[in-house]
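**Q** What follows is a structure written as C-alpha cells; I'll ask about it next.
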Amino acid sequence: MTDNNDYLLRTENLFKWFPTRIGILSRTVAYVKAVDGVSIGIRRGETFGLVGESGCGKTTLGRTLMRLTEPSKGSVAFEGTMISALKGSRLKPFRRKMQVVFQDPYASLDPRQSIGSALLEPMKIHRIASTKSEAKKMAGELLEKVGLNTDHLARFPHEFSGGQRQRIAIAIALAVKPSFIVLDEPTSALDVSVQAQILRLLRNLQQELDLTFLFISHNLAVIRQMCDRTAVMYLGRIVEFAETKKLFENPKHPYTKALLSSVPVPDPSKRRELGVLQGNIPSPVAIPSGCRFRTRCPYATEKCLNLPPPLIEVERGHWIECHYDIDFAAASKVEIRPRAT
Amino acid sequence: MKASKPEGSQSSDRYGRRADLKYALHLLRRNPIVLTGVAISVASVLLALLSPLIVNPTSWDQQPLNLRLCWNNPIVNWQIANVFNCGGSAVYPLGTDSYGRSLLQMIILAIPVDLEIAFEVVASAVVIGVFFGGLAGYKGGIVDEAILRVTDVFLAIPGILLAIVLIVVLGRSLPTLTIAVLTTWWPYYVRLMRSQVLSEKEKPYVERLRAMGAGGIRILYGHIVQNSIYPVLVQATLDIGSVILTVSALTFIGLTPSPLLPELGNLSNQGIQYIFTAPWLILFPGLTILIISLGFNLLGDGIRDVFDPRLRR
Amino acid sequence: MRLYEYVARRLLLMIFVLLALSVLIFYLTRGLLPPTTALAAYITPRMDDSAKLSVARALGVATTSCPSYSAFVSLQGGCVVPLWGQYVGWLENALAGNWGLTLLPGISGTDTTWHVFFSRFPYTAELAIAGAFLTIIIGIPLGIVSATHNNKLPDHISRMVSLGGYSIPQFWFGAVLQILFVLYIRVNGSGLLSANSTVATRCVICFSGVVPGEIARYSGIPLLDGILSLNFPYFWDSGVALILPALTLAITSIGAISRIVRSSMMEVLRQDYITLARSKGLKENVVIYRHALRNAILPAVTVSGLLVAYLLGGAVIVEIVFSWPGVGNASLAAANVLDINFLELYVLVTAVIIVVTNLAVDVIYAKLDPRIRY
Ligand SMILES: Nc1ncnc2c1ncn2[C@@H]1O[C@H](COP(=O)(O)OP(=O)(O)OP(=O)(O)O)[C@@H](O)[C@H]1O
Ligand code: SF4
Ligand SMILES: [Mg+2]
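Chains as they are written, first to last, in my numbering: chain A, 250 to 590; chain B, 142 to 454; chain C, 45 to 418.
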C-alpha cells in the first residue's frame, strides 16, 4: 500500500480459501473464503491492529501470514523473504523470528508439561542456549520478565490463573527471541482488570525487546489503546486502514463508522452518526457480489451491487475500499489510485 | 518419547507428576472395588514372577498312571462317588490332573505363561496403535485413509477365526499364539489412538508448538500422544483380561503347542473330558482365568473412573 | 453428503474389504506353506500318482502341462500355478457361484461348499440371534438399574454381574453350566450328555426324540421350523437345547453392554434437562424411561454393530464347547485341514454381515441423533 521499505512483513494479495468437500468422490463444490485478497505491510517496531467481527477471518489471516497454513494464493514476505513459498525445514529459521499468543490461555499450554519444560522446549528446538544450566537460567529470567518468578518453573498450567497463564504463554513466545509476535485476542478471555495488566506488560516488553506486534481483536477500546495503525477487516478483506488515531477520530468506511458507533461511548453527545449494524454477517461461503458490505450498508447503491469497490487513499496513509467515498474523494481532490490487487 | 523432552526439565517434571500421581492414588484408595482389582492384578503378576521359585518350571512331565486324577486333599470332600484318593502321603491341595501332575503346581506354572502372552500382545498392540493410529490421526489425508482401510479389513473378520487360521498355518507354538492374537487385536488400538489424536490435535497448544518450529514427530509423540494416551492405557489394562480369555480359549479348543503344556486353557481342556470324574480339573484353571481377568478389569475400570476428565477438576 | 451417497460409498468400501479379506485368507492358507499341503486333505496313500496329480489339477494348484506328480512335488518349473493365478482361478469360480467342494460334513444334501455352509449357517444364525436377544433383554435393564441406583446395592450387584460376565472364560462358563444342569439338577435321569458332552444335538429336557432332519426344513433354523411346521415338541426341544449355548454366548456381551448403558445413562441423568424434567414434578419413572433412556440408549445402539461381530466370533468357541452344528464349529475343522473353500465362504459371509450391520447401525444412529452428519 505504501512504498516505504521499512516493512518487517508484507502480504501481497493473500487468499486463504477452505474447500468444503461433499459427495462420494469428495468433489470440491464450495469454498469458505476466510481471507479473500489481503495486502498489508507491518512496519518494524509498530503494533499493527486488526479488528473485525467474529468469523471475518482475522485468525486465519494471522495463521496464514505466520505460514501456519499454506495460502491459497498470494505471497507473504518476512524481512524480504517469501516465506509463503517455503516448506518444512526451510521454514524453521522463520519460526524463530515469528511467534504467536492465542486467546485461550488454558488451551494453548500443554496440560502435562511443566512451565519450565515448556519454556525450554523452544530453546532446544532452535538450539538457543549452549548449556542446560544456561537454558534454565534463561527460562527463569523469562518468567521474571513477564512478572512471574523462578519458583513457578516446576509448576503445571492448571496451577495458574488465566492471567498468569497468558503471561506464561507470552514468556514461551519470547523464549526464541522473536522479532514479530501475532497476538490473537490475547486478552479477550480475561477479566478487565487482568486485561489491563497484560496490555501494560505487552507494551513494556515491546519497548524493551524491540518487538513488532500484529494485534488482533474485536475490542475497539483495546485496539485504540494499543495500536499504532489499524486495519478493519470484513468478510476476508481489509476495508479500511489508517493510523489508529485517524481511524477512530475520522472513520471513512461505512462499516467502520457502524462499528465505532456500536461501541458504548460514555458521552452520548459524542455518538456517531450511524446506528448499530443491521443484519447478520453473510456467510464466507457466499460472499455478496460487488461490495461485500452492501447487504448491511446504509449507503449501498446500484454501483455497489455490481462493482467491487476500488481501494482508494482518502487521506495520506488512510485507505478505504468503498464507492461511497469516491464522491468525497473527488470533492476533496485526493488522488484516486487503482486497486492494488 | 522421553528423548524429545529437554533434559533440564526432568527434575521439575518428576515433581509435578508426583503430585499428579499422589492425587490419583488418593482417589484409588477411596474405592474398594478398584483396590480389589489392584490387589488381584498385583498378586497375579507377583505370583507369575515368583512362580519359577515356587515350582520347578521344567517339571511338567507325565507322572505314573496311578497318580492320575487323584484328589488327595484331606480337608475337602467332593462327595462324588467316583472321586478317588490315590493313597500315599502326598497331599495335592487341588488334586492331580490327567497326567498325574499336581494341579496346583500346574496352575502356578501356567499363570506366567498366560500373563506373559497377554502383556506381550497388549504392549505390542499399544505400540502399534500409538504409532499408526497417531500417524493416521495427525497426518490425515491419504495416510489416514490407507491405515483406516487396513483396519477395516481386519475388523470385518471374527478375530478368533483369523487367529485359528494363523496358528494352523504358522505352527502351534507360544510365539505363534502371541502373534495370532496380536494380529486380531491391534486394529482396535489404531482406531482408538487415532480418534484420541484427532480431537487432541485441534487444541491450540498444538498450533502454538507448530508456530514455535516444533517438528511433526515432536508434536505428535512428545505432546499429543502423551496427552491422549490415558484412554488407551485404560483399554490396555482391561484387555489384559480379554487377551488371557482369548488365548486360553484357543488352547482350549486344541490349538496348543503341547497338550502337556501348563497353560490355563490347556488345563481346562483336560478337565472337560473328566468333567464328571474329576470336576476340579475344569473348575480351578477356569476359576484362575476368571479371577485374573476380573482383577485387571476392576483395575481398568477404576483407573478409568480416576482419570475421567469429567470427574477431575 | 446425502444418505444414499453415504450408503453407496460404504458399500463400495465393503467390496474392497471383501476382496482384501479373500486375498488375506487365500495367502494365509495357500501362500505360506508348500503347495502340496493344499492337497494333503484330499489324497490318500493308496492313490496312485496320476490320481494325485488330477486332484492337484482339480484344486487349481498344478498346471495342466505338469507331466507327473513327482514333478509337481519337486516344484519343477511350470508345474505349480503361481499364487496369484490360483487366486484368480478361485475368484473367477466364486464369482460364477461355484465355491467348490468342501471336506466337511453337511447337515444334509451334497458336499458342495455352498450347500454345506448354508445347511449349517441357520444354526449359527439361531445361536447368534438368541445371544443378541439375551444380551439386550438382560444387559440393558442391568445397566439401567445400575445407573438409577448408583452406589446402592442393586448397582453393586449388577456391576459385579456385568464385570463377572465380561471376565469369565466362555468355554469354561459353558462347561460349568453343563455340569450344573446335568450333574446337579439331574433333570431327566442320566446319560443325557454323550461322551463328548453335547447338549445341543441331544437335549436335556427332551419332549420327544426328534432328531433334526426329520422335520420340514423351511428356514433351517430349528426354532423357526418348529413353529412353521406346528411341531410343538420339536420347537420345545430346540428351544431347550438353545438356552445354555445362547446364555454362554451372551454372557460376555451382557457385561459389555450393561457397562455402556450404565455410564451413558449416568451421564444423561446428570444433565440439565433431566433436572428440569424432575423439577417440573414428573414422576421419577417417567423421567427415567421417557427422557433419560431415549438418550442413553444411543451409545448402546452404536455398539450393537460391534455386538454382531462379537457374537459371530464368540460363536466359534461356544459351538465347539456345545458341539453345536453351526458354521463356527465347522470353521475350526476347516482351518485344521486348510479347507480353503469353506474358510473363504465363512469369512466372506461373516464379513458381509458385520459390515452391513455396522452400516445399518450408523444409519440408524444418524436418524436417531440429528446432530450427527455423515
Ligand atoms: N480450518 C478451517 N477449515 C474450514 N473453515 C475454516 C477453518 N478455519 C477457519 N474457518 C472458517 O473461516 C472463517 C474465518 O474464521 P476465523 O477463525 O479466521 O475468524 P475470526 O475473525 O478469527 O473469528 P473470531 O473473532 O471468532 O476468532 C470462519 O467462517 C471459519 O468457520
Ligand atoms: S461500496 Fe457501497 S455498499 Fe460497500 S461500503 Fe461503500 S457504500 Fe457501502
Ligand atoms: Mg479468531
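Ideal Cβ positions, reconstructed from N, Cα and C, are used throughout, including at glycine.
1) The alpha helix (DSSP H) with M315 (chain A) in it runs from where to where?
2) What residue from B:E261, B:Q367, B:I216 and B:P205 has the CA that sits closest to S243 (chain B)'s CA?
3) Spell out the partners DSSP gives S324 (chain A) in its beta bridges.
4) Quick one: residues in its chain with C-beta nearer than 8 Å to the C-beta of F405 (chain A), no 5 flanking neighbours on either side, listed in chain order?
5) Could you tell me which of B:T429, B:Q246 and B:L405 sits nearest to L193 (chain B), measuring between CA atoms?
6) At a Cβ threshold of 8 Å, is L439 (chain B) touching chain C?
7) Which word fits M58 (chain C), buried or exposed, when buried means at least 16 other C-beta atoms lie within 10 angstroms of its C-beta?
8) Let's see if you can read the secondary structure: which residues bound the alpha helix (DSSP H) around I465 (chain A)?
9) Do D199 (chain C) and ligand 3 come close, with the Cβ less than 7 Å from some heavy atom?
10) Tell me, which residues are paired with R478 (chain A) by DSSP?
11) Under 8 Å: do the stretch 262-278 of chain C and the stretch 166-176 of chain C share three or more Cβ pairs, one atom per stretch?
12) When you measure from the CB of K344 (chain B) to every non-hydrogen atom of ligand 4, does any distance come out below 7 Å?
13) Going along chain A in order, which residues have a C-beta closer than 7 Å to the C-beta of Y346 (chain B)?
14) With a threshold of 16 other CB atoms inside 10 Å of the CB of T325 (chain B), please say whether the residue is buried or exposed.
15) Hey, is R520 (chain A)'s beta-carbon within less than 8 Å of any beta-carbon in chain B?
16) According to the Cβ coordinates, are V105 (chain C) and L72 (chain C) closer than 8 Å?
17) Rounded to whole angstroms, what's the CA-CA distance from H375 (chain A) to I487 (chain A)? Just pull it up for me.
18) Return no unless some Cβ of chain A is closer than 8 Å to the Cβ of H167 (chain B).
19) Under three-state DSSP, which class holds A359 (chain C)?
20) Just checking my contact of V345 (chain C) with I295 (chain C) at CB under 8 Å: how many whole Å lie between their CB atoms?
21) Reducing DSSP to helix, strand and coil, say where G436 (chain B) ends up.
22) Would you call the CB atoms of G144 (chain C) and N385 (chain C) closer than 8 Å?
23) Tell me which residues share the same chain as T116 (chain B) and place their Cβ nearer than 8 Å to its Cβ, disregarding the 5 neighbours each side in the sequence.
24) Can you check which of these residues, C:I188, C:S206, C:L342 and C:L350, is closest to L403 (chain C) by C-alpha distance?
25) For chain A, find out if any of its Cβ atoms is closer than 8 Å to the Cβ of R351 (chain B); answer yes or no.
26) Only counting the same chain, and skipping five residues up and downstream in sequence, which positions put a Cβ closer than 6 Å to that of F490 (chain A)?
27) Tell me whether G233 (chain C) is buried or exposed, calling it buried when 16 or more other Cβ atoms sit within 10 Å of its Cβ.
28) Ligand 3 and E434 (chain A): does any heavy atom of the ligand fall closer than 7 Å to the residue's C-beta?
29) Sort A:E551, A:R541 and A:N555 by Cα distance to E570 (chain A) and report the nearest one.
30) With a threshold of 8 Å between beta carbons, is R171 (chain B) in contact with chain C?
31) Could you tell me whether the Cβ of K265 (chain A) comes closer than 8 Å to any Cβ of chain B?
32) Which stretch, first to last residue, makes up the beta strand (DSSP E) that contains E562 (chain A)?
33) Helix, strand or coil, according to DSSP, for G286 (chain A) in the structure here?
34) Mind checking which residues open and close the alpha helix (DSSP H) that includes V400 (chain C)?
35) Looking only at DSSP bridge pairs, what is M204 (chain C) linked to?
36) Hey, quick one: how far does the beta strand (DSSP E) through W158 (chain C) stretch, first residue to last?
**A** Walking through what the data contain:
1) Counting along the chain, no alpha helix (DSSP H) covers M315 (chain A), and no H or E run does either.
2) Looking only at B:E261, B:Q367, B:I216 and B:P205, the smallest Cα-Cα distance to S243 (chain B) is reached by B:P205.
3) Note: S324 (chain A) sits in a beta bridge opposite A:E261.
4) The residues are P360, R361, Q362, S363 and I364.
5) Strictly speaking, residue 193 (chain B) in this sequence is Pro, with Leu absent from that position. Checking every option, the nearest Cα to that of P193 (chain B) belongs to B:Q246.
6) For L439 (chain B), the answer is yes, since a Cβ of chain C falls inside 8 Å of its Cβ.
7) By the neighbour-count definition (other C-beta atoms within 10 Å, threshold 16), M58 (chain C) is a buried residue.
8) Boundaries around I465 (chain A) are those of the beta strand (DSSP E), T461 to S466, since no alpha helix (DSSP H) includes it.
9) No - ligand 3 has no heavy atom lying nearer than 7 Å to the Cβ of D199 (chain C).
10) Its beta-bridge partners are A:F297 and A:E492.
11) Yes, the stretch 262-278 of chain C is in contact with the stretch 166-176 of chain C.
12) What this structure holds is ligand 1, ligand 2 and ligand 3, not ligand 4.
13) Residues of chain A passing the Cβ test: A356, S357, L358 and D359.
14) Around the Cβ of T325 (chain B), a 10 Å sphere holds 16 or more other Cβ atoms; the residue is buried.
15) Note that R520 (chain A) scores 41 on pLDDT, short of 50, meaning its location in the model is unreliable; the coordinates nonetheless yield the value given after this. It does not; no Cβ of chain B falls within 8 Å.
16) No, the Cβ-Cβ distance between V105 (chain C) and L72 (chain C) is not below 8 Å.
17) H375 (chain A) and I487 (chain A): Cα-Cα distance of roughly 34 Å.
18) When Cβ-Cβ separations below 8 Å define contact, H167 (chain B) makes no contact with chain A.
19) It is helical.
20) Their Cβ separation, rounded to whole angstroms, is 21 Å, which puts V345 (chain C) and I295 (chain C) out of contact at 8 Å.
21) The answer is helix: DSSP assigns G436 (chain B) an H, G or I state.
22) Yes.
23) Past the boundaries of the shown model lies residue 116 (chain B); chain B is included only from 142 to 454, so the question cannot be answered.
24) Here the closest residue by C-alpha is C:L350.
25) Chain A, which has a Cβ nearer than 8 Å to the Cβ of R351 (chain B), makes this yes.
26) The answer, listed in chain order, is A480 and W568.
27) In this predicted model, G233 (chain C) has a pLDDT of only 35, less than 50, meaning its place in the structure is not dependable enough to derive any value.
28) Correct: E434 (chain A) has its Cβ closer than 7 Å to ligand 3.
29) Nearest of A:E551, A:R541 and A:N555 to E570 (chain A), Cα basis: A:R541.
30) Contact of R171 (chain B) with chain C is not assigned, every C-beta pair being separated by 8 Å or more.
31) Taking Cβ atoms only, chain B never reaches closer than 8 Å to K265 (chain A), which makes this a no.
32) Where E562 (chain A) is concerned, the enclosing beta strand (DSSP E) starts and stops at L560 to E564.
33) Reduced to three states, the DSSP call for G286 (chain A) is strand.
34) I384 to L412 is the span of the alpha helix (DSSP H), which, as asked, contains V400 (chain C).
35) None; M204 (chain C) has no bridge partner.
36) Unbroken run through W158 (chain C) is the alpha helix (DSSP H), T157 to L178; no beta strand (DSSP E).
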